[in-house]
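Chemist: This is the structure, below, for whatever I ask next.
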Amino acid sequence: MKALKKSRYEPLTTESLQWRLASIGALTELLGSATGWKVREVGDGNLNLIFIVESHHGSLVIKQALPYARVVGDSWPMSLDRTFFEFNALTRLEARDPGRLPKLLYFDEEQALMAMEHLHPHVILRKALIGDTELPHLGKHLGHYLARTMFRGSDLSMNAAHRKADLALFSRNVELTGITEDLFFTDPFIVHPRNRHTPGLEDCARAVRKDMDLKLAARALKAKFCSCAETLLHGDLHTGSIMVTEVDSRVIDAEFAVYGPMGFDIGSLLGNFWLAYFAQQGHRPAAAAQERGTLILDVIRTVWEVFVAEFSALWRHERIGILSGREFFEESHDPLGSEIALEQLLTKIWEDSLGFAGIEMHRRILGLAHAAELETIADEDRRTACERRALKMGRALAVHQDAFPTIDAVNRLAVSIDSQ
Ligand code: SR1
Ligand code: MG
């Protein structure tokens with residue numbers, strides 16, 4: 007009989023980290039001998055342990071998976087495999103848009119841990135959007151990131167063998183993909199014990215569960231997420247998965263990576279920006295909320311416009327994959343056909359993105375995992391009012407994905423709902 011291999015996995019603690027990782031060269035090279043390390047646990051996400059380790063020589067971050075979902079506790083067991091998928095996603099996404107993710111320093115699959123660059127003085131984007139941080143480069147950084155990772159992880163860029171091997175690898179990320187399928191596309195639209203919402207929204211939650219058009223949209227978008235393996239997604243690209251300073255933007259937390267439709271990452275991100283927009287009235291007086299809101303809408307516009315420009319440039323100059331279609335167009339003296347194909351693809355990505363954004367806005371208000379931009383509004387009546395407006399916008403996007411010709415048209419709808 008084959009003996010079962012006993013895993014050496016053990017969660018780290020602030021006390022044990024120093025001696026358990028003392029002999030890892032990648033760490034001592036940066037931090038010096040472990041006797042001089044100062045360790046603190048700073049994780050405030052839904053899943054993992056996050057330690058910052060500092061010494062006189064430098065600092066780094068250790069991220070370790072727990073065998074359960076931290077946000078719920080050990081009643082929700084979870085496999086440790088997510089670190090393996092995050093490691094594989096991180097290396098690929100970083101190669102596709104160099105410098106936009108934290109540098110990886112060390113990976114131990116059995117301990118489900120990674121050591122990474124300590125991003126500082128960066129803060130989580132959710133916090134920056136609630137506060138007053140200037141973000142003049144954010145839209146450009148994220149537009150480039152989306153275009154480069156969406157394009158370069160797809161059949162437009164990769165050869166068949168490489169693309170299919172990656173598709174097979176990430177299709178094993180069943181557990182976390184399943185969480186997205188449930189939490190994103192199903193729970194907010196049914197009665198489920200995982201759901202929670204601000205008490206004043208009970209009528210909205212009930213109306214959502216009876217809204218046939220919205221549920222049809224959620225089902226169709228879930229089908230697209232499950233079956234349209236278009237590119238390697240980050241898989242959880244919200245404003246809590248981005249760290250920023252005024253000049254830098256970094257994408258973190260890629261453990262939900264899976265092959266899926268390009269619009270999923272774009273829509274998740276834009277949906278969270280619109281949530282941050284609707285939260286502003288809960289955080290400051292009307293004039294200041296309007297000013298901060300305008301800045302957020304500008305970031306949204308820039309993300310989309312830079313995405314389109316960069317994706318179009320990659321289409322014209324870097325289309326070397328199995329699905330390039332060059333044989334139909336450029337190689338058949340039909341350059342116009344290539345431009346039309348690009349236009350058609352961008353329209354599909356645009357409509358998908360709006361649909362996914364609408365669903366993300368629902369699940370962050372009615373589901374399990376909420377958005378700090380709204381959650382930190384202390385006054386419950388104000389929070390309820392902000393969330394009602396966000397849900398109205400979310401429904402319009404999910405149900406009428408094809409009704410918005412431009413990003414400005416969507417932003418105009420946001421302004422008009424926000425002023426009601
Ligand atoms: C149990 S995990 C809940 C949520 O946290 C992650 O950040 C994802 O957004 C997931 O849906
Ligand atoms: Mg996360």
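Using this note's numbering, the first residue of the sequence shown is number 7, and each one after it goes up by one. Here a beta-carbon is modelled for each residue, glycine too, at the ideal position from N, C-alpha and C. The structure presented is a predicted model; accordingly, all values stated were derived computationally and were not measured.
Can you list, in chain order, the residues of its chain with a C-beta nearer than 7 angstroms to that of THR251? Leave out the 5 residues immediately preceding and following it.
Modeler: PRO127 and HIS128
Chemist: Hey, quick one: how far does the alpha helix (DSSP H) through SER344 stretch, first residue to last?
Modeler: 341-372
Chemist: Using a threshold of 8 angstroms, state whether the C-beta atoms of HIS238 and TYR265 are closer than that.
Modeler: Residue identity differs from the one stated: residue 238 is Leu in this sequence, not His. Contact: yes.
Chemist: What are the start and end residues of the beta strand (DSSP E) that includes ASP219?
Modeler: Not the beta strand (DSSP E): ASP219 falls in the alpha helix (DSSP H), residues 218-233.
Chemist: Alpha carbon to alpha carbon, what distance is there between GLY159 and ALA95?
Modeler: 10 angstroms
Chemist: Can you tell me whether LYS109 is helix, strand or coil according to DSSP?
Modeler: Note: LYS109 maps to coil in three-state DSSP.
Chemist: List the DSSP bridge partners of ARG215.
Modeler: Partner(s): none; ARG215 has no beta bridge.
Chemist: To the nearest angstrom, report how far apart SER61 and THR34 are at their CA atoms.
Modeler: If you take the alpha carbons of SER61 and THR34, they lie about 10 angstroms apart.
Chemist: Around the Cβ of ASP1, are there at least 16 other Cβ atoms within 10 angstroms (buried) or fewer (exposed)?
Modeler: There is simply no residue 1 to check, as the chain begins at 7 and stops at 426 in what is shown.
Chemist: What residues come near the ligand MG, if near means a beta carbon less than 6 angstroms from any of its heavy atoms?
Modeler: GLY51, ASP242, SER247 and ASP259
Chemist: Can we count ALA263 as close to the ligand SR1, meaning its CB is less than 7 angstroms from some heavy atom?
Modeler: no
Chemist: Going by DSSP, what residue range makes up the alpha helix (DSSP H) through THR89?
Modeler: 88-102
Chemist: Looking only at DSSP bridge pairs, what is ARG46 linked to?
Modeler: ILE58
Chemist: Could you check where the beta strand (DSSP E) with ILE68 kicks off and where it finishes?
Modeler: 65-71
Chemist: Opposite GLU140 in the DSSP bridges: which residues?
Modeler: In DSSP, GLU140 forms no bridge with anything.
Chemist: Looking only at its chain, what residues have a beta carbon closer than 8 angstroms to the beta carbon of LEU37, apart from the 5 residues adjacent to it on each side?
Modeler: Correct list, in chain order: TRP43, VAL59, GLU60, SER61, HIS63, GLY64, SER65 and LEU66.
Chemist: Identify whether MET84 lies in helix, strand or coil by the three-state DSSP scheme.
Modeler: coil
Chemist: Quick one: residues in its chain with C-beta nearer than 8 angstroms to the C-beta of TRP82, no 5 flanking neighbours on either side, listed in chain order?
Modeler: TYR74 and ALA75
Chemist: Who does TYR4 pair with in a DSSP beta bridge?
Modeler: In this structure the chain extends from 7 to 426, so residue 4 is not present and cannot be described.
Chemist: Helix, strand or coil for MET399? Go by DSSP, reduced to three states.
Modeler: Helix.
Chemist: Looking at the structure shown, is MET7 part of a helix, part of a strand, or coil, going by DSSP?
Modeler: Bear in mind that the predicted position of MET7 carries a pLDDT of just 42, short of 50, making it unreliable; the figure below should be weighed with that in mind. In this structure, MET7 counts as coil in the three-state DSSP scheme.
Chemist: On the DSSP bridge list, what partners appear for ILE248?
Modeler: VAL257
Chemist: Quick one, which of SER255, GLY331, PHE317 and GLU386 has its alpha-carbon nearest LEU125's?
Modeler: SER255
Chemist: Is the beta carbon of LEU220 sitting closer than 8 angstroms to the one on ALA363?
Modeler: Here LEU220 is not near ALA363, since their CB atoms are 8 angstroms or more apart.
Chemist: Roughly how many whole angstroms lie between the Cα atoms of ARG225 and LEU99?
Modeler: 29 angstroms
Chemist: Is ILE272 near the ligand SR1 - that is, is its Cβ less than 7 angstroms away from at least one heavy atom of it?
Modeler: Checking every heavy atom of the ligand SR1 against the Cβ of ILE272, none is found closer than 7 angstroms.
Chemist: Are there 16 or more other CB atoms within 10 angstroms of the CB of LEU403, so buried, or fewer, so exposed?
Modeler: buried
Chemist: Just grab the DSSP bridge partners of ASP114 for me.
Modeler: LEU119
Chemist: Indicate whether GLN287 and ASP424 have their beta-carbon atoms separated by less than 8 angstroms.
Modeler: yes
Chemist: Do the segment 289-301 and the segment 150-170 touch if we need at least three Cβ pairs shorter than 8 angstroms?
Modeler: no
Chemist: Which residue wins for smallest C-alpha separation from ASN278, given the options ARG14, GLU123, LYS146 and GLY400?
Modeler: Nearest to ASN278 by alpha-carbon distance, out of ARG14, GLU123, LYS146 and GLY400, is GLY400.
Chemist: Which first and last residues belong to the alpha helix (DSSP H) in which GLN296 is found?
Modeler: 292-323
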